[in-house]
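Worksheet: the structure to be examined is printed underneath.
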Amino acid sequence: MGMKSAAADTLIAAMIAANSRADLVAATRALDRVLISGAYGVPLFHAPGQWLARWTAIHLPSQPSLYGTLPETWWHTPQ
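Per the working numbering, the sequence shown runs over residues 1325 to 1403.
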């Protein structure tokens, strides 16, 4: 896994090779701009279902949503 970016690789090399604080700050700020301009996802894991803790007074629809677990479709029945 990783990010494939020639610009980021070049800027990281510039950070490593910096001979002064000014060069390091300039390369770091440039890398920050490159990273902020991208969109990244960090996959953690994949479970075949969604796990949520719930209380017995909370009820769910009989048919699950096509879009996964939606707590906003649940309702509360006072005990």
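We put the beta carbon where it would ideally sit given N, CA and C, even for glycine.
Item: I'd like the list of long-range same chain contacts for Leu1376, defined as Cβ closer than 8 angstroms, with 5 residues on each side in sequence excluded.; Value: Thr1393, Pro1395
Item: Just to confirm, are Thr1401 and Ala1381 a CB contact at a threshold of 7 angstroms?; Value: yes
Item: Buried or exposed for Ala1337, going by 16 or more other Cβ atoms inside 10 Å?; Value: exposed
Item: Out of curiosity, what's the CA-to-CA distance linking Asp1356 and Leu1384?; Value: 44 angstroms
Item: Considering only C-alpha positions, which residue in the set Ala1331, Met1327, Gln1374 is nearest to Tyr1391?; Value: Gln1374
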